[in-house]
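Right, one structure below, let's go through it.
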Amino acid sequence: MSKHLITERRFLPYFCTQFLGAFNDNVYRNAFAILVTYFLAKENQAIILNIALMAFILPYFLFGAIAGQLADKFEKSALIRRIKIAEVLIMIIGCVTLYMQSVYAMLIVLFALGTQSAFFGPIKYSILPQHLARNEILDGNAYVESGTFIAILLGTIVGGFLASDIGYQNWLMLTMLGVALIGWFASREIPAAPPAMPELKVSFNIWRSSLQIIRKTRINQPVFQSILAASWFWFFGAIVLTQFPVFAAQVLRGDPQVAILLLATFCIGIGLGSFACSLLSGGKVEIGLMPFGAIGISYFTWQLGNTQIVSEGELLNLAALLALPGAWEMIFNLTMIAFSGGLFIVPVYAFMQVRSAAKHRSRTIAVNNIFNSLFMTLAGAMAAVMLYFEFSVLEIFKVTAILNMLVTLYILSVVPEFFLRLVSWLLVHSVYRIKKEDLHHVPVEGPALLVCNHVSFIDPALLLAVLPRPARFVMYHKFYELPIAKKLFQWLNSIPIGTKREDPELVESAFDTIAEALENGELVVIFPEGGITRDGEVAKFQPGIDQILKRTPVPVVPLALRGMWGTWFSRHQGRAMRGLPKAILKKISIVSGPPVAPQAADRITMHQQVVNLRGNEK
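If you're matching positions, the sequence shown starts at 0 in numbering that gives the first Met the number 0 and goes up one per residue.
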């Protein structure tokens with residue numbers, strides 16, 4: 000992750016503000032969970048905790064649309080300061096409810112905290128693209144997700160510890176109020192973030208405004224599907240996390256320290272997963288890691304459901320529990336669930352931000368919050384129903400693991416980009432060692448034509464894995480029509496093309512599609528040689544590049560592949576893919592040159608640029 004980012008004013012005050020807010024939410028929520036589980040409720044603790052979950056997240060569903068509209072209409076840093084003042088007032092009331100020891104009053108405060116968080120949510124993610132460069136967004140999200148779960152960890156420990164002894168009540172109340180005040184002071188240093196759409200007319204009709212922004216967001220299907228993926232993550236998390244206090248008390252026979260350990264372990268795992276995601280992504284939005292995370296979540300949750308720790312008699316303290324057979328395996332499974340969760344959620348949020356329109360970004364995040372809250376409400380209801388029908392906590396874990404695997408398969412089927420990035424990421428990291436040179440020349444937004452030498456049958460997959468954003472590939476129609484591969488190429492939105500002699504209508508259609516893609520601000524990749532090299536050299540470029548630029552003048556970025564000649568996928572032995580693959584983990588390079596203005600770009604000029612970039616290394 001970028002180390003300088005955390006020290007800069009454009010990020011640090013915002014980071015501290017959201018960190019302290021998440022910390023305070025979890026101090027109160029976990030104090031409530033410990034008080035209900037061990038002190039205030041004699042029975043039905045699991046049902047009360049699921050009701051508490053619904054009380055906290057219901058405001059996201061009720062007020063998410065209004066919050067998103069306000070975040071797009073008004074200056075965001077001023078909104079944050081007002082929200083933090085509301086947090087101070089809520090914490091004052093929260094202190095009173097703790098003193099009263101009233102479960103019903105605490106549930107009302109949880110609803111108020113959820114309302115405050117619902118109004119902060121759209122700002123939390125939509126402000127990042129205004130203060131960060133595009134290549135910093137994934138790191139910014141990794142910091143936010145890691146920081147959020149560290150805040151949850153600390154809030155869990157502090158809230159649980161101070162609630163575990165009635166004698167610490169004054170310290171609990173002082174902590175909550177003090178942190179709220181510090182958060183408000185931090186918010187005063189957040190730089191201004193101009194409104195995205197100041198002319199927007201805010202609708203305060205909850206149902207109408209919610210339906211309006213949902214309809215608008217659904218137009219962008221990849222973003223909407225990423226919202227559903229994020230919402231499923233919170234559905235899963237809501238079910239699993241809500242069971243932890245009861246899992247600790249009734250399955251593990253542990254005292255409050257054990258409940259704190261479970262939540263702390265989960266938070267550490269999420270932080271580690273978020274950090275690993277940033278390292279593995281190489282500074283770009285790498286959604287190919289999401290399926291890895293989803294598979295890990297299901298596997299390790301199933302393993303957690305197999306926990307067999309036998310203890311009898313009095314509740315165990317932390318040291319006694321860890322001495323029992325199977326305890327460390329349980330801790331490992333829990334850590335890996337959370338680690339996988341970090342790999343899952345960080346790229347999903349980053350994808351959502353970079354692929355949503357700037358003018359509607361806050362409302363897109365609001366739709367995300369609405370669906371998150373809906374899914375978490377359903378999670379609470381589902382858990383309550385399973386408990387009513389006497390499912391054990393371990394059985395709930397197993398059911399959730401199975402559901403997660405089914406949902407993952409669905410997500411990969413409706414958002415093939417996730418699957419394709421997974422395949423390309425595996426290819427890059429398991430078959431070749433790729434050196435990336437000067438790929439910052441590829442524009443992170445706006446249209447561009449990318450031209451590259453064609454050395455092997457997997458050149459598109461290699462480029463897909465390293466380019467900073469999705470691109471559409473122009474390819475020979477006979478490859479496109481291959482029975483097994485056609486579906487894959489359709490998922491990639493590839494553009495089939497042939498020769499005028501073969502199919503003049505197909506050629507015309509291809510150039511129409513290329514023009515449309517460039518006019519829509521997309522990247523289009525072509526291999527202007529017209530085929531895969533048979534001698535390792537860069538053949539002369541075909542006139543198609545000139546036709547494209549004449550119709551749609553856009554910047555042209557030269558790319559060169561080095562080192563692919565001689566690999567199993569190239570034609571160095573006449574036919575590609577003969578015999579067994581050789582040169583596994585071979586070092587190859589993908590290098591980019593600066594963009595060339597369309598007026599200066601033609602097939603001869605771009606051919607020379609690609610030849611120069613490739614150099615002597617085939």
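Beta carbons are placed, not taken as given, at the ideal position from N, Cα and C, and that holds for glycine.
Would you kindly work out how many angstroms separate the C-alpha atoms of residue i and residue j, rounded to a whole number?
i	j	result
M196	I330	47 Å
I547	F203	48 Å
F119	F110	14 Å
S76	V95	30 Å
A575	V465	23 Å
G304	V413	29 Å
K200	I79	20 Å
V157	P221	39 Å
E507	K499	9 Å
V609	P446	20 Å
T566	Q256	56 Å
L88	D24	13 Å
V450	A132	25 Å
W301	H476	45 Å
H571	L558	21 Å
R217	L315	50 Å
L321	A258	13 Å
N139	A185	Looking at the sequence provided, one finds Gly at residue 139 rather than Asn. The straight-line gap from Cα to Cα measures roughly 18 Å.
Taking buried to mean at least 16 other C-beta atoms within 10 Å of its own C-beta, is residue i buried or exposed?
i	result
D511	exposed
T399	buried
W170	exposed
V108	buried
V384	exposed
F388	exposed
R613	buried
D254	buried
Just verifying my parser: in three-state terms, what is the DSSP assignment at residue i?
i	result
G113	helix
E436	strand
R500	coil
S145	helix
P221	helix
S569	strand
P597	helix
L251	coil
L315	strand
I286	coil
I494	strand
V555	strand
S355	coil
S76	helix
S423	helix
S101	coil
S186	helix
S412	helix
S163	coil
F209	According to the sequence provided, residue 209 is Ser. The question's Phe does not apply to it. S209: helix per DSSP, three-state reduction.
Candidates the options: which alpha carbon is nearest residue i's?
i	options	result
G341	G272, S355 and I364	G272
L421	M289, P255 and L61	M289
Y648	V157, Y124 and I156	With the chain running from 0 to 617 in the structure shown, residue 648 is simply not present.
I126	L180, A349 and I47	A349
K397	S297, E313 and P469	S297
F148	Y479, A365, V595 and F22	F22
R432	I589, M105, H571 and Y98	I589
L278	R561, P346, F55 and A162	P346
F417	L57, W567 and S225	S225
F540	N452, A559, E501 and L448	N452
Q629	I50, G253 and I189	Since the first and last residues shown for the chain are 0 and 617, residue 629 lies out of range.
P58	F374, K477, W490 and V454	F374
I369	S116, G520, N403 and E74	S116
G379	M53, L153 and R550	M53
S280	G614, R468 and E501	R468
L240	P482, T6 and L393	L393
P194	P121, D254, G154 and A179	P121
N371	K485, F62 and Y167	F62
Q249	K486, Q44 and H359	Q44
K215	Y479, S361, R9 and K617	S361
L153	A228, K72 and F265	F265
G497	F488, G530, P482 and V524	G530
Strictly by DSSP, which residues pair up with residue i?
i	result
L522	A447 and A470
Y431	K585
V392	V392 pairs with nothing; no bridge assigned.
R561	S588
Could one say the Cβ of residue i lies closer than 7 Å to chain C's Cβ atoms, at least one of them?
i	result
I126	Judged by its chain identifiers, the structure shown contains no chain C, having just a single protein chain.
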